[in-house]
């Protein structure tokens, strides 16, 4: 009978790995997985949570995407004991084509009306303790906004296991210096709930983690194109203690003129801006005749790395 490997050393740089079966069972219980659900698990690692999904839920199917071949191969052994409930894909979770490939494995999932939370499709993401984790989160939030990727099938719940360093950014409120651009994006497209705080002793390395549930909003608060919104918040949040009027020039030469079109005071501190404020700046910037032309995915990849 298959059992998960208990690691004696860290799997990879900045990768946090679950190592406690009791905690894994508690995570699954907190997620409230409905019967006959399909679960997508990103970066399952050695499979503690995958095993718990199989043995502590009535999920119809679990699809595990693991980028490390040795762990994907190990999970494939568990799949042989799962009576067809577990499928393991050796895939790079950072690449867009991976989420296109997922549609093949979800071909039996019906598209659900966006107004309702999808009753049978749930995803779980083990977020790396690195900037790549933030890039992955950005991709998934973009999917919420565009109703694409996992959310092509409907407004589905996402559960994130997030290391404490990143969790602080997700919990920061308006006016706090820790408020990160990812938190601004999150506020624009989803609602967040803390399901469980997880002991550092349950992970290798010993890092406290937080289990979040993130559910897309019925209507995104971001009305501007996503790529432009990313560009704007990336530029404006480089100096969070500055005022908006002082930072508009970071959007492009002469962009200070945009302040004349704002419905709110441009002397507002960056850290005190709401999602609606950022969106308004983005909408005005999008229509500006002198907006820089290089606001494409390649450009954003370069500035985010």
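Residue numbers (the numbering used here): 8 to 312.
From the three backbone atoms N, C-alpha and C, an ideal C-beta is built for every residue, glycine too.
Taking the CB atoms as reference points, tell me whether residue 235 and residue 293 lie closer together than 8 Å. Yes, they are a contact pair.
Given this structure, state the Cα-to-Cα distance separating residue 76 from residue 277, to the nearest angstrom. Distance between residue 76 and residue 277, taken at the CA atoms: about 43 Å.
Write down the C-beta distance between residue 72 and residue 96 rounded to the nearest angstrom, noting that I regard them as a contact closer than 8 Å. Sure, about 5 Å apart at Cβ, within 8 Å.
On the CB-based measure, 16 or more other CB atoms within 10 Å of its CB, does residue 8 come out buried or exposed? When all chains shown are included, residue 8 counts as exposed.
Residue of 10, 84, 23 minimising C-alpha distance to residue 206: When only C-alpha atoms are compared, the closest one is 23.
Pick from 225, 28, 108: whose alpha carbon is nearest that of residue 58? Residue 58 has its Cα closest to that of 28, out of 225, 28, 108.
How close, in whole Å, do the beta carbons of residue 158 and residue 145 come, if the pair is a contact with beta carbons under 8 Å? Contact between residue 158 and residue 145 does not hold, since the beta-carbon distance rounds to 14 Å and is not under 8 Å.
Could you check the C-alpha separation between residue 81 and residue 98 for me, to the nearest Å? Annotation: residue 81 to residue 98 spans about 14 Å, alpha carbon to alpha carbon.
Local conformation of residue 282 per DSSP, three classes: Helix.
What residue range does the alpha helix (DSSP H) around residue 144 cover? Going by DSSP, residue 144 is part of the alpha helix (DSSP H) stretching over 138-153.
Buried or exposed (CB count within 10 angstroms, at least 16 for buried), residue 226: That one is exposed.
In whole angstroms, what is the alpha-carbon distance linking residue 295 and residue 228? Looking at the two C-alpha atoms, the distance is approximately 21 Å.
Buried/exposed call for residue 172, threshold 16 Cβ in 10 Å: By the neighbour-count definition (other C-beta atoms within 10 Å, threshold 16), residue 172 is an exposed residue.
Cα-Cα, which of 280, 209, 259, 290 is closest to residue 31? Looking at 280, 209, 259, 290, the one whose alpha-carbon comes closest to that of residue 31 is 209.
Looking at the strands, I want to know which residues DSSP matches up with residue 223. Per DSSP, the beta-bridge partners of residue 223 are 197.
Kindly give me the distance between the Cβ atoms of residue 255 and residue 263, rounded to whole angstroms, as I take these residues to be in contact under 8 Å. Right, their Cβ atoms sit about 5 Å apart.
Within this structure, are the beta carbons of residue 166 and residue 44 separated by less than 8 Å? Cβ distance not < 8 Å, so residue 166 and residue 44 don't count as in contact.
Tell me the DSSP secondary structure of residue 230 in three-state form. DSSP places residue 230 in coil when its eight states are reduced to three.
For residue 133, is the classification buried or exposed, using 16 other Cβ atoms within 10 angstroms of its Cβ as the cut-off for buried? In this structure residue 133 is buried. Its beta-carbon is surrounded by 16 or more other beta-carbon atoms within 10 angstroms.
Buried or exposed (CB count within 10 angstroms, at least 16 for buried), residue 309: Its pLDDT being 41, under 50, residue 309 is placed unreliably in this model, and the value from its coordinates should be taken loosely. Counting Cβ neighbours within 10 Å, residue 309 comes out exposed, since fewer than 16 surround it.
Spatial neighbours of residue 35 in its chain, beta-carbon cut-off 8 Å, leaving aside the 5 residues before and after: Hits under 8 Å: 56, 59, 60, 63, 64.
Pull up the DSSP beta-bridge partners for residue 217, would you. Answer by DSSP bridge pairing, in chain order: 169, 204.
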